[in-house]
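Using our numbering, the letters of the sequence shown map in sequence onto residues 103 to 278.
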Amino acid sequence: GKKAIVTGGTRGLGYGMAEGLMEAGCEVVIIGTRESIKDRAAEFNQKGLKCTGVQADLGDEIALKEAFRESLAALGGHLDILVTAHGVQSRHPSEEFPMEDWKRVLDVNLTAVFKLCQLAGRIMLEQGGGKIINFASMLTYFGGYTVPAYAASKGGVAQLTKALSNEWTARGVNVN
Numbered sequence: 103g104k105k106a107i108v109t110g111g112t113r114g115l116g117y118g119m120a121e122g123l124m125e126a127g128c129e130v131v132i133i134g135t136r137e138s139i140k141d142r143a144a145e146f147n148q149k150g151l152k153c154t155g156v157q158a159d160l161g162d163e164i165a166l167k168e169a170f171r172e173s174l175a176a177l178g179g180h181l182d183i184l185v186t187a188h189g190v191q192s193r194h195p196s197e198e199f200p201m202e203d204w205k206r207v208l209d210v211n212l213t214a215v216f217k218l219c220q221l222a223g224r225i226m227l228e229q230g231g232g233k234i235i236n237f238a239s240m241l242t243y244f245g246g247y248t249v250p251a252y253a254a255s256k257g258g259v260a261q262l263t264k265a266l267s268n269e270w271t272a273r274g275v276n277v278n
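As C-alpha cells, this is what we get:
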C-alpha cells in the first residue's frame, strides 16, 4: 500500500528496486530519460504490478520539477519512498576532462539527487515520515580511473545522504 518514486527504474539496480517494491505491494512511478520508460511501465503493469512511467532529463531542473510533480500526481499526492538510482558517466583522462561533461555528470548524479530529496523531504516531513534511498557507488571510496566527475558526484551523494539523515531522522524521515 505504499507509494514510491524510483529514478533510473528501467534497468540495473533501479529496475530491481522498482520491481521489488511493486512485488511487495507498492505503487511505483519510475522516472527515466528514454522514451522506453512508458514501455517498461507497461511491462510491469502486464505482470499485475502497479507502475507509471515518467520521462525526464533529471539534469534539467525544470524537467526534474515537472517530472516530480507528474509523479506525485500519479501517486495521488502521497509519497512514502524515494529511490534515486539514476546516473550518468563520462570517461576522459582527468587532465583532459571537458568541463561540459563535468557539469553534466554533477548535475545529473548529485544536484538532481539533492533536488529530488528536497522535494520528497518536504512532503515526507509534513506527513511525519518517509524513506529515501540514494545510490552512490564503490567509486565513492575507490575514486576510479578516468571518471573524476562520476567519482566526485557519487562521493557527494554519500555525504549528502549523511547530512540529510542527520537532519531528518529525528523528524521521521529515514535517509540511507
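C-beta atoms are modelled at their ideal positions from N, C-alpha and C, and glycine is treated no differently.
Is residue 171 buried or exposed, if buried means 16 or more other CB atoms sit within 10 Å of its CB? The sequence position of residue 171 within the sequence shown is 69, counting from 1. Its Cβ having fewer than 16 others within 10 Å, residue 171 is exposed.
Would you mind giving the Cβ-Cβ distance between residue 161 and residue 206, rounded to the nearest angstrom? I have them listed as a contact below 8 Å. Here the question's residue 161 lines up with position 59 in the sequence shown. Here the question's residue 206 lines up with position 104 in the sequence shown. Contact flag correct, Cβ pair sits at about 6 Å.
Output yes or no for whether 7 Å exceeds the beta carbon distance between residue 119 and residue 108. For the purposes of this step, residue 119 is identified with residue 17 of the sequence shown, where counting begins at 1. For the purposes of this step, residue 108 is identified with residue 6 of the sequence shown, where counting begins at 1. Yes. Within cutoff.
Quick one: what's residue 106 bridged to in DSSP? Indexing the sequence shown from 1 puts residue 106 at position 4. Beta-bridge pairing links residue 106 to 130, 183.
I'd like to check one pair, residue 268 with residue 235: are the Cβ atoms closer than 7 Å? On the sequence shown, residue 235 is found 133 positions in, with the first residue counted as 1. On the sequence shown, residue 268 is found 166 positions in, with the first residue counted as 1. Taking 7 Å as the Cβ cut-off, residue 235 and residue 268 do not qualify as a contacting pair.
Over what stretch of residues does the beta strand (DSSP E) that includes residue 230 continue unbroken? Counting from one through the sequence shown, the residue named residue 230 turns up at place 128. Neither: residue 230 is in no beta strand (DSSP E) and is coded neither H nor E.
Residue range of the alpha helix (DSSP H) that residue 114 falls in? Stepping through the sequence shown from its first residue, residue 114 is reached at position 12. Per DSSP, residue 114 belongs to the alpha helix (DSSP H) from 114-125.
Should the segment 111-126 be regarded as contacting the segment 164-181, the criterion being three or more beta carbon pairs within less than 8 Å? Counting Cβ pairs under 8 Å, fewer than three are found: no touch.
Outcome for residue 247 when other beta-carbon atoms lying within 10 angstroms are tallied against a minimum of 16: In the sequence shown, counting from the first residue as 1, residue 247 sits at position 145. With fewer than 16 Cβ atoms within 10 Å of its Cβ, residue 247 is classed as exposed.
Quick check: residue 158 and residue 133, are their CB atoms within less than 7 Å of each other? If you number the sequence shown from 1, residue 158 lands on position 56. If you number the sequence shown from 1, residue 133 lands on position 31. Yes, the Cβ-Cβ distance between residue 158 and residue 133 is below 7 Å.
Quick one: residues in its chain with C-beta nearer than 6 Å to the C-beta of residue 62, no 5 flanking neighbours on either side, listed in chain order? Only positions 103 to 278 of the chain appear in the structure, and residue 62 is not among them; the question remains open.
Own chain, CB closer than 6 Å to residue 255, minus 5 neighbours either side, in chain order: Position 153 of the sequence shown holds residue 255. If we look at residue 255 and ignore the five residues flanking it on each side, its Cβ neighbours are 207, 208, 211, 212.
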